Structures are given as C-alpha cells and as structure tokens.
Amino acid sequence: MCIKVSKQLSISSWNVNGLFKRISGNRVCKLDDDNICQIMTADIVGLSETHIPTNEILNYDGYKCFVNCRSSDSNKVRGGLATFFKKEILSGVKLMDKTMDDIMWFKLDKTFFSFDRNVFLCFLYIPPSNSSYTLRTNFDKQIFEKLEADIAKYSISGDVILMGDLNAHINCKELDFITNEVDDSLDNFLPTNYVADSVCKFRNTQVHQKTNNYGKLILDLCTESQLRILNGRTLGDSKGSGSNCLVNSILELWSYDETTIMAASQADIKTKINTATTSPMYFNSYDATTVLGGKVYDGSGHIDSATATKMTWFIQGDDAVKDQAEAWEQQLIDLGQKGHSDISTTYVFAIRSFSDEAGGAIRGDIAFLSAGYVIVIVYITIMLGKFNCLEQRFGLAIAGVVVVGMSIGICFSLASLCGFKYGPLHSVLPFLLLGIGVDDMFVIVGALKNLSDEQQKLPLNERIGKALRHSGASITVTSLTDIMAFFIGATTLLPALRSFCIFAAFGIIALYGLSTTFFVSAMTVDVKRAAARLNACCCFYKHKPEYKPNNCSQKEYLPAFILKFYAPNLLKFPVKIVVLVLTAGLFGLTIWGTVNLEQKFEEKWFLPSDSYAYDYLTASDKYFSSGQEQAGVYCKNIDYFGKKTEMESLYTQLTASNYVVNGTVDSWFKSYTDWLSTTSDASVIAQIDATTKYPLDSTKFYDLLYQFVTTESAGLRFSRNLKFSNTSSVLGLTGSKISFYHPSVKDTVEGFNVLDGIQSLVAGVAGSDCFPYSQIHLTWESNKVIRQELYRNIALAAVCVFIICLVLIANIWTSLMVFSCVALTFVNVGGFMHFWGLTIDVVTCVQLILAIGLAVDYSAHIGHCFMTFQGGRNERVKATLVEIGGPVISGGFSTFLAFVLLAVSKSYVFTTFFKVLFLVVIFGLFHGLVYLPVLLSMIGPGAYFSADRRYQHDKKERDEENGVDNYAMEKQAPTM
C-alpha cells in the first residue's frame, strides 16, 4: 500500500516475494525490473518478503537501504525486509530498532519534516500462522508482544505508523475502533486518555470474508492502541488521497504526481503514453488508447496528439454507503458541469445521472398531463352538451374525467398489489387511459342523443337501455380488443414491458366497468337534471318555465356537416374509386416502410436532449466509440482445480472465435498456469507436479493462486476478477471472470449473431458452470426478445381482435372488413414510423400492439352500427355516418388532444408515444370513416334480422329552424 503522510512525504509498502530471481542459473536482482522500478517512486519504500540474507548489500540510485533478514544463507532465507529512503531526507530519519527479525522501527523527525509530532514508522513482515518458521519459533506470539510494547513506548512521544505484510485477513465489517455509543461500564477498561470515535469511515476490503487469527489480533491492537487500519480507507491502497475510490485516467501513468507531470517534456509524455503497458499504481494492464479520444497518429503509428481524455472514478457499491456515494456523485456532477478555465469543454456522467435525468424529464412533463386533462374537459363540455345554461353538460364532463382518474388509481393499485413495478414507460398510462376513456363516453352519449323521436318519449330507464343496446356492444368490442392486446403483450419475457401491459390491461378493464356503470349513472342524473330545468353549472338553481335555450345552441354542426356534405359526396362513385386507389397507394408505400423499419435502441434516447448526461454520452460516442464492446465469461463456485481441461479449452476457443477481437482475451487461468510453468521460486516449485507444472492438490492450487494475484506483477491485475472465499482457513473461489472484447457490429442482426455465438461457445465448453456477460448483451438480448415476441404478439392480437369482432358484431363479412381496417392501419403506422425516424424498441413495440387495439375503435363502431340499419347499402352507410360518425370523430380528436402536448416534451417515451398515437388516430379515422364506409357501400352485408331502424331522409326545414336533432333513423318493423 502507499500513503502520503503530508504534502512533502510519501511512503509505500510492497510484498515482492523475493528480490532475486534465477536466469540461466544466475542470481539476478529484481530492482532493475520494470515493475519494481515503477514502485520505487515514493520517498520511503518498504519491501517485505525479500528473501535476502543479512549480508546482502542493496543499492538503488538516489536511495539508502536498510535490511533486516533472518539468515546469512541465500539458499535458505525466507521473509526479510528492505527499506529504502531517499537520500535527501536521510537527515530527518533515524533507525530506532531492528533487534528482532522482520521488524524495523524508524523515527521521522518532526522538525525536519515540519510535523506536529515525531512519527515512528514500523516496517514488518509476519509470516503465515501455519508456516514452518512460525510453528517452530512461535514468532507470531513474539512479534505481537513486541508490537504492543513498542507502540506503547513510541506513542508517548509521537504518532505511530505500521506498514508491511501482516498476513492478516480482516472482514471489512469488523470494527477497529470503539464508538462513543458504548456502554458506560466499558469506561473502566479503556485508557484514561482514550478518545472514542463518533464517526469513522468503514473499510472497503472485500477479499476476505472471514477474519483470521492474525486479523483478530490486529483488531485488538487497534482498539487498545487507537490505531486505524488504512487498507480500504485510502485510494485503492495506493498513492493518493480520497475514500473508497479507484481512479483511472492518463495521469495514472505518473501516479498523479504533480511535480513529475509538470517537469515532463512533450517528448517524455508521448513516450510514456505510447510505451506504457502496466499501471504503475495498480499493476493491471494499461492501454492509453482507452482514455484518449480523437487520437492522431504519426507516421510510425504512435499517438501524436488527442482532442479528448476521460477520467473514471470507481466508488464503493455497498448499499450501506449508498447515500454517501450518491452525495459524492452529486458533488462530482456539480464540479464537472462547472468546468475548468483551462479546458474547453467538460462532460460528466455518474451512476445516478441516468435515473436523475430520465426520471426528471418525465416528472417535469407531468405538467403536460394536467394541461391535457384541462383541454379534454373543455372539449368534452363543448361536444357533449349545448351552449346554454340548461343543456350544457359540464358536470358530465367532470364525471368522465373522474372515471379516467379512478381507472388510473385502480390499475396502479391492482398491478402494484400483484407485484408489478412502475417504470419510465408507465408515465404514458394516464394519457392513454384518458384518450380511450373519452372515446367510450362519446359513443355512449352519442347513442342516447341519436334515439328516434318515438324512443325519446320512453321512460328514462328504457331510453338508457336503448342507448346501451347499441353503444354497449361497440365499446365492448373496442375494450375487449384493447384488453386482449395488452394481455398478449404481457406474455413477454421483458419485465418492464410485461409490467406496462398489465398496468394498461387493468386500467382498460376499470375504464370499461366504470364507463358502463358510474358514467352511465352520471349521465342518467344529468338527464334528470335537465328535465327538472336545473342549471348545468349550479344544480341548485332552477330555471323558470319561460326560459328558452337560444336557437344557436340548438344547432349541431358536425352531424349537419356529415349529413349535408360529407356522406353524400363520399358515396359518389368517382369518390369511392379515389378512396380505394388512395388506400391501395398508402398500403403500398407504407408496407415498404414497414419492411424497412429498423430495430435499434440507444440508451441515451431516454435522456432529455438538453441534459448534461445526454451531452456526455454523445461526446463519448464521438471520441471513444471504437465499436468494440468489453465482455467477460463469468464462472460460478466450481472446482477450478479439477476443471483444468475445461478452463484451457475455454481460453483456446475464445482466442480463436470470430466473436472475440483477436488478442483481447485476458484469462487469469492461462496467466496463472504460465506462471506456474516458468517460476523459479523454490517454494512454488515444491507445491506443483514436476511434469505437469500444476498444483499437487486443490489446497495448493488456491493458495498459490492467491499468492499469484496478490504478490506477482503478472497476477496483480487479476485480483479484481477473482472472488476468494475463506472457510475454516481454507481458500477457495466463489466466482471468476475472463475478460475479452467483442468486435464492432454494423446492425442489430449482427449483434444477435455475436450474442448467440458466444453463448453457444461458452455453453459448449463449460455447460451451465460459466456464462458470458456484457453491458451490450442486455441490449442485444432485449432486442432479440422483442424481435421474437413482436411478430408473435402481433399475430395473436390480430387473431383475438378478429374473434372478438366476429362474436360481438356477429357477421363474418363485416368482421373481415373491420379487420382489414385494423390491418391497414397497422401497416400505415409501421411505414410512417420508418419515415419519421422511429425504430422498433421496447417503447415502440408495445405501442404497435396498442395500435391494433386502438385501430379497432374507429372501425368497429361503424361496422356494428351499419348492421343495425335496414335499407340499401348507401342509405345504411349514410345513416351510420350520421349517427356514429360524430362520436367517432369526437373520440378520435379527444384522444389526440389528450396527448398533443407531448409533442413538445423532451422525454423519448412521451415524444414517441405522441408520434405513434398520432399516426394511429389519423389512419384509424381514415379507415374507419373513409375507407370502411366506401367498402360497406359497395359490398356490405345485409342488416341484422333484429334491425328495426331505417335511414330517415333529409329534413331541411327542421335543420334550418330547430337544428339537427336526429337525422339518422326512424323505427321500422323487422324484416327478414
């Protein structure tokens, strides 16, 4: 580990597992090795387990060395210490004690170093408790007794620092301090000058799950002597400052040493960047191209300049410090957004950024929901009633919105009760339910208004029954098709999509139930209010008998327009031909667009385009997107010792795979076995088979592996890829990772192939013991599921729609024509999605399923109403358009009003919802009110046997004098 005692002094400590190695039989010092040179940068460097004799003389340029070892025989010596001090600080350093093996005390003078107190620095090495040296000499007991006595002695006149390799395993949850909340009875056992801690940062050391005996002794030593364990409380146990952080950046190559960086020339910097292969701080493999963007290369292929660089902070992911981590992230975000005067532009992104920005955009757009409700209320009030104090239906409009509000509450409650979670996609549900609910209300009210003169004279309960006889069937068709479409969508494997479909299905069920009960009851009360001549806005005020609504309010312009202009012109033969040609042309154009509709999704689409997070991801794509995606093979708690053949085969096949970038496979097992085959360490050789160069048993396998990743320069980088367990002092592995990179893919289909290929490769070698994973796999897997399920769900929804229409419309020919409207609307929507730049993703796929359900609304009403009229096809179509055309138009327009404000939203979910729903409304109305009437007028089937209405001819005088009341029909005797 490495710490800074002050701005002027840095101290580091490393286990080197021998300072000498054998090359061709010669004993060669490792001080000249690159990995050793990289750590010889601190003012004071302590090296433990040097394996050098007491008479060894060590020299390193600029340093003076002190050694303390056990033996003078270089062939037998183990353990050992070597401490190096820069020569310019020697005047402030004094060797205090090295009377015992493997421990040395130094005094750092407070006057020389400008400390408040003297600092007593101890370097030591404690061999494992089961080593032969410890068992033979009881060294562990001796050294802990000496440590306790020395700390008590030196702490009187200064501060104490212990550094070295103590072979102590300590779980991070074990406390090395006593809090000030302890029981008062403990006061008698604490030193009189003991200062209890109120706040102390917990350590981030996750390697050891179980505290061993040495660890317990260290904890006791800390609490008794008021020492603190630095491991896990400083920057990756390396030089620097901070808490629970690991930082990756280009400055890492100079160990964040400002003096060294400022003194480096341009040539030095370029050389370091182009030649560095190992981090001098963390000893993992290092590639400068991963932190530099916009790189420019010289003629030799070396990096000459770059326009961007990035710094990455890794913070502790434990839920116990989640609040502190998020607070730290917020400070980083604030700092990044503030920028720096010497940097042209800074971008920042944190773990919390996505949820903050995406959620904030959606929450910020909730104002659109409120405004949309107000607009719809105003529109319903205008369209449901008439402009006079008696026949205005403001209360009924409020009741309609209340129905929608209650439906939203019911669907949220039921779905949550069933365990489904709310997500960003669910934010569109209020708009969706508002549009569908208002459509049903217009149909119900329209049916009541369009009763014949004779029916209008019936008792109120019979009038309501007559209205529901026709409107009830229509809204049942549309509601059931919507519900079935969403329940089919809920069969998806994607949890977010499944949850949304369940929420929506429950909402529409609630809408249907409340519309046919609560809203109908409210409509009945409103009819009674009008009959009693009570004011529409203030029901306590009763109008006098002489009050007469104004003539203007008695005119209904939409039915008059349909009767006098729209229906007669639509039913002209040339117009019919134009409609059919236009429909065919739209179908041909949009089927091409539908076929070319791309499947694609980018995570940043969920972010507002003006957010700092969106800017960061855009810049990252620009400067750092090589197309290659980092991935890994993760293995579970398996017998790694016994799986030698499988692990070797896995490495070989990954290396040869087309789904892996050549040269990017980084296998801990391969590096470990290579080290075992080439090591000259006698202690390692004694534990491996002389022929296979493989550990003799499982215990030796894991012990040597732990030694490899904690002490060997070739293995240090793998420490983060291995999860060790320690059960009854026996090491094991609970998990491991082999890293590699996927090649760049040009489209989603190629991504599917890479995903399937790498999954098959790993499963073929390791079965269920290992699996591949990458962040990009989530996108590929989601897109794969969407592609597989979209076609299935569309087909199932279409079948359900047709069956429901057939059952409720009760005529196969009409049902087929209604279904053709649904199919054409779906194709038109899909084609224009392509022209509008939309793609198939988790958001649009659910809207495509929804489009099938909503498209029925505009055509099923027309088809069902057509079957209830007697007469010729043209007059039946005209009667249908006059009776139900207005409510269908009003329902479609109100649906549009419900979400029109989303067009200016900055949320991808909302803007996509607007685009798709806009297309559904436009093409749904076109096929329901233009194409289907033309089709019915040409090849429509005969009316129901029970049909008792016939088209009533124009009544010009009543239109001019009293306004349009009901042009559609007059009662007829049933005909066969």
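Counting from 1, position 102 in the sequence shown corresponds to residue 102 in the UniProt record's numbering; the numbering is continuous, with no gaps.
Think of the CB as a built atom: it goes at the ideal place given N, C-alpha and C, for glycine as much as any other residue.
These figures come from a predicted structure and were not determined experimentally.
ask   = Would V822 pass as a contact of S859 if the rule is Cβ separation under 8 Å?
value = As a first step, residue 822 is located in the sequence shown; it is residue number 822 there, counting from the start. As a first step, residue 859 is located in the sequence shown; it is residue number 859 there, counting from the start. Yes, these two residues count as a Cβ contact at 8 Å.
Simplified DSSP assignment, three categories, for K98 = The residue given as residue 98 occupies position 98 in the sequence shown. Three-state result, K98: coil.
query = Taking DSSP as the reference, what is the three-state secondary structure of T748?
reply = By 1-based counting over the sequence shown, the position of residue 748 is 748. Here DSSP, grouped into helix, strand and coil, assigns T748 to helix.
message = Assuming F718 and V709 are in contact, meaning their beta carbons sit under 8 Å apart, how far apart are those beta carbons, in whole angstroms?
response = Here residue 718 corresponds to residue number 718 of the sequence shown, with the count starting at 1. Here residue 709 corresponds to residue number 709 of the sequence shown, with the count starting at 1. Contact between F718 and V709 holds: CB atoms are separated by about 5 Å, below the 8 Å threshold.
ask   = For residue 978, does the three-state DSSP call read helix, strand or coil?
value = Only positions 1 to 976 of the chain appear in the structure, and residue 978 is not among them; the question remains open.
inquiry  = One question on the structure: do V438 and S894 come within less than 8 Å of each other, judged by their Cβ atoms?
reply    = Position 438 of the sequence shown, counted from the start, is the residue given in the question as residue 438. Position 894 of the sequence shown, counted from the start, is the residue given in the question as residue 894. Yes, the pair counts as a contact, with Cβ atoms nearer than the cut-off.
query = If we ignore side chains and look at the alpha-carbon of each, how far apart do Q687 and F85 end up?
reply = The residue given as residue 687 occupies position 687 in the sequence shown. The residue given as residue 85 occupies position 85 in the sequence shown. Looking at the two C-alpha atoms, the distance is approximately 36 Å.
request  = Rank F899, V842, P280, F802 by C-alpha distance to the C-alpha of V856 and give the top, closest one.
outcome  = Taking the first residue of the sequence shown as 1, we reach residue 856 at position 856. With respect to the C-alpha of V856, the residue from F899, V842, P280, F802 having the closest C-alpha is F802.
query = How many Å lie between D159 and E224 at the Cα?
reply = On the sequence shown, position 159 is the one that residue 159 refers to. On the sequence shown, position 224 is the one that residue 224 refers to. Near 15 Å, if we compare the C-alpha coordinates of E224 and D159.
ask   = Where do the N-terminal and C-terminal ends of the beta strand (DSSP E) with W328 fall, by residue?
value = Within the sequence shown, residue 328 is the residue found at index 328, counting from 1. That residue, W328, is in no beta strand (DSSP E); its alpha helix (DSSP H) goes 322-338.
message = If you measure between the beta carbons of L292 and T309, is that distance less than 8 Å?
response = Taking the first residue of the sequence shown as position 1, residue 292 is located at position 292. Taking the first residue of the sequence shown as position 1, residue 309 is located at position 309. One thing to note: L292 has its Cβ within 8 Å of the Cβ of T309.
query = Under the three-state reduction of DSSP, which class applies to E391: helix, strand or coil?
reply = By 1-based counting over the sequence shown, the position of residue 391 is 391. Taken through DSSP and simplified to helix, strand or coil, E391 comes out as coil.
inquiry  = Please give the ranges of any alpha helix (DSSP H) in the segment 102-136, keeping only runs that are unbroken, at least 4 residues long and fully inside the region.
reply    = As far as the segment 102-136 is concerned, its whole alpha helix (DSSP H) runs of at least 4 residues are 110-113.
request  = Decide if N180 is buried, meaning its Cβ has at least 16 other Cβ atoms within 10 Å, or exposed.
outcome  = Locating residue 180 in the sequence shown gives position 180, counting from the first residue. Note that N180 scores 48 on pLDDT, short of 50, meaning its location in the model is unreliable; the coordinates nonetheless yield the value given after this. By the Cβ neighbour-count rule, N180 is exposed, with fewer than 16 other Cβ atoms within 10 Å of its own.
key: Closest residue to I502 among G751, I444, I408 (Cα-Cα distance)   = As a working note, residue 502 is residue 502 in the sequence shown. The shortest Cα separation from I502 among G751, I444, I408 belongs to I408.
key: Cβ neighbour criterion (16 or more within 10 Å) applied to E883   = Here residue 883 refers to the residue found at position 883 of the sequence shown. Buried, by the Cβ-count rule.
query = Just to confirm, are I475 and S521 a CB contact at a threshold of 8 Å?
reply = As a first step, residue 475 is located in the sequence shown; it is residue number 475 there, counting from the start. As a first step, residue 521 is located in the sequence shown; it is residue number 521 there, counting from the start. With a cutoff of 8 Å on beta-carbon distance, I475 and S521 are scored as not near each other.
ask   = Would you say S611 touches the ligand MN, meaning its beta carbon is less than 7 Å from a heavy atom?
value = Ligands in the displayed structure: none, and consequently the ligand MN is not present.
inquiry  = Suppose you measure from the CA of L227 to the CA of V247; what does that come to, to the nearest Å?
reply    = By 1-based counting over the sequence shown, the position of residue 227 is 227. By 1-based counting over the sequence shown, the position of residue 247 is 247. Taking the straight line from one Cα to the other gives about 27 Å.
task = Take N844 as the anchor and find which of F913, H861, A763, G80 has the nearest alpha-carbon.
result = Translated into the one-based positions of the sequence shown, residue 844 becomes position 844. Residue identity check: residue 844 is Thr in the sequence provided, not Asn. Among F913, H861, A763, G80, the Cα nearest to that of T844 belongs to F913.
message = Quick check on this structure: which residue in L332, T346, H340 has the alpha carbon closest to the alpha carbon of R352?
response = Numbered from its first residue, the sequence shown carries residue 352 at position 352. That would be L332, whose Cα lies nearest to the Cα of R352.
Of the residues T645, P743, L650, the one placed nearest N662, counting alpha carbons only = Along the sequence shown, read from residue 1 onward, the residue named residue 662 stands at position 662. Residue P743 is the option with its Cα nearest to N662.
query = Hey, does H777 have any beta-carbon neighbour from chain C nearer than 8 Å?
reply = Checking the listed chains, one finds no chain C in this structure; it contains a single protein chain.
task = Report yes if the CB atom of S48 is closer than 8 Å to the CB atom of D150, and no otherwise.
result = The sequence position of residue 48 within the sequence shown is 48, counting from 1. The sequence position of residue 150 within the sequence shown is 150, counting from 1. Going by C-beta atoms, S48 is not nearer than 8 Å to D150.
query = Can you tell me the Cα-Cα spacing of I89 and Y623, whole angstroms?
reply = As a first step, residue 89 is located in the sequence shown; it is residue number 89 there, counting from the start. As a first step, residue 623 is located in the sequence shown; it is residue number 623 there, counting from the start. Near 44 Å, if we compare the C-alpha coordinates of Y623 and I89.
query = With a CB to CB cut of under 8 Å and the five nearest residues on each side skipped, what residues in its chain are close to N188?
reply = Here residue 188 is taken as the residue at index 188 of the sequence shown, counted from 1. Low local confidence applies: a pLDDT of 43 at N188 is under 50, so the model's placement there is unreliable, and no value is given.
ask   = Leaving out five residues before and five after Q337 in sequence, what residues of the same chain have Cβ atoms less than 7 Å from its Cβ?
value = What you label residue 337 is simply residue 337 of the sequence shown in a count that begins at 1. Within the same chain, Q337 has close Cβ partners V348, Y612.
Residue closest to V842, alpha-carbon to alpha-carbon, out of A510, R876, L425, T478 = Here the question's residue 842 lines up with position 842 in the sequence shown. Its Cα nearest to that of V842, the residue L425 stands out among A510, R876, L425, T478.
key: Residues that DSSP places opposite A82 in a beta bridge   = The residue given as residue 82 occupies position 82 in the sequence shown. Partner(s): L47, V67.
request  = Using the Cα positions of G715 and S671, report the straight-line distance between them to the nearest angstrom.
outcome  = Here the question's residue 715 lines up with position 715 in the sequence shown. Here the question's residue 671 lines up with position 671 in the sequence shown. Rounded to whole angstroms, G715 to S671 spans 7 Å at the Cα level.
ask   = Under a Cβ-count criterion, where at least 16 other Cβ atoms within 10 Å of its own Cβ denotes burial, should K528 be classed as buried or exposed?
value = Start at 1 with the first residue of the sequence shown, and residue 528 comes out as number 528. The Cβ neighbour count for K528, taken over all protein chains shown within 10 Å, is under 16; the residue is labelled exposed.
task = Give the straight-line distance between the Cα atoms of F20 and A168, rounded to the nearest whole angstrom.
result = Taking the sequence shown and counting its residues from 1, the one referred to as residue 20 is at position 20. Taking the sequence shown and counting its residues from 1, the one referred to as residue 168 is at position 168. CA-CA distance, F20 to A168, rounds to 25 Å.
query = By DSSP, does L432 sit in helix, in strand, or in coil?
reply = Position 432 of the sequence shown, counting from 1, holds the residue named residue 432. When secondary structure is reduced to three states using DSSP, L432 falls in the helix class.
inquiry  = Measuring straight from C-alpha to C-alpha, what distance separates P191 and A152?
reply    = Numbered from its first residue, the sequence shown carries residue 191 at position 191. Numbered from its first residue, the sequence shown carries residue 152 at position 152. A caution first: P191 carries a pLDDT of 47, below 50, which makes its placement in the model too unreliable to give a value.
task = Have a look at I809 and L932 and give me their C-alpha separation to the nearest angstrom.
result = Indexing the sequence shown from 1 puts residue 809 at position 809. Indexing the sequence shown from 1 puts residue 932 at position 932. Rounded to whole angstroms, I809 to L932 spans 15 Å at the Cα level.
ask   = Would V16 be called buried (16 or more neighbouring beta carbons within 10 Å of its own) or exposed?
value = As a working note, residue 16 is residue 16 in the sequence shown. With 16 or more other Cβ atoms within 10 Å, it is buried.
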